[in-house]
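This report concerns only the one structure given below.
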Amino acid sequence: MALAAVKAINARFRSNKVLGSVCSTHFWVSASNYAIPLAAIADTRKSPELISPTMTGALIMYSLASIRFSLVIGPKAYTLPTCHLTNVCAQLIQGYRCLHYYYLGGKESGKHAEAVAAGTAAAEAAKGSK
10 MALAAVKAIN ARFRSNKVLG SVCSTHFWVS ASNYAIPLAA IADTRKSPEL
60 ISPTMTGALI MYSLASIRFS LVIGPKAYTL PTCHLTNVCA QLIQGYRCLH
110 YYYLGGKESG KHAEAVAAGT AAAEAAKGSK
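Under the working numbering, the final residue of the sequence shown carries the number 139; numbering is consecutive throughout.
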């Protein structure tokens, strides 16, 4: 009896188009994959020293391949390629930040800004002690 009730509830969910898609793996795979781009977007507020160029490149390649794969499979699940496109954009931003920091003088300008701030703070402290 309980098994029949579960089957009836499952059939009712699956007959509804919206609830049926939420109950499918196509929805939950892309929903769980959104953790990667959300983490990359959250990392844009952190120091560029923490960015791994190797991992950033690997995630860009992974997402580009996954976009292609998710457009070929059937039935079409358009949330999965949008998730990977979001990840490609977020990783490209991280890649630019890493490139700028390590190779385009971002590290030196950051040290210069820290030295200027420390000098200004020391000058203000000297004024305040007079």
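Glycine included, C-beta positions come from ideal geometry on N, C-alpha and C.
Being a predicted model, the structure only gives us computed values, none of them experimental.
- Straight-line measurement puts the Cα of I18 at about 11 Å from the Cα of A11.
- Within a 10 Å sphere around the beta-carbon of L113 sit fewer than 16 other beta-carbons, which makes this residue exposed.
- Contact annotation: T63 and Q103 have beta-carbon atoms that are not nearer than 8 Å.
- Rounded to whole angstroms, the Cβ separation of P46 and C92 is 7 Å, and the two are in contact under 8 Å.
- Here I50 really is in contact with A99; their C-beta atoms are around 5 Å apart, less than 8 Å.
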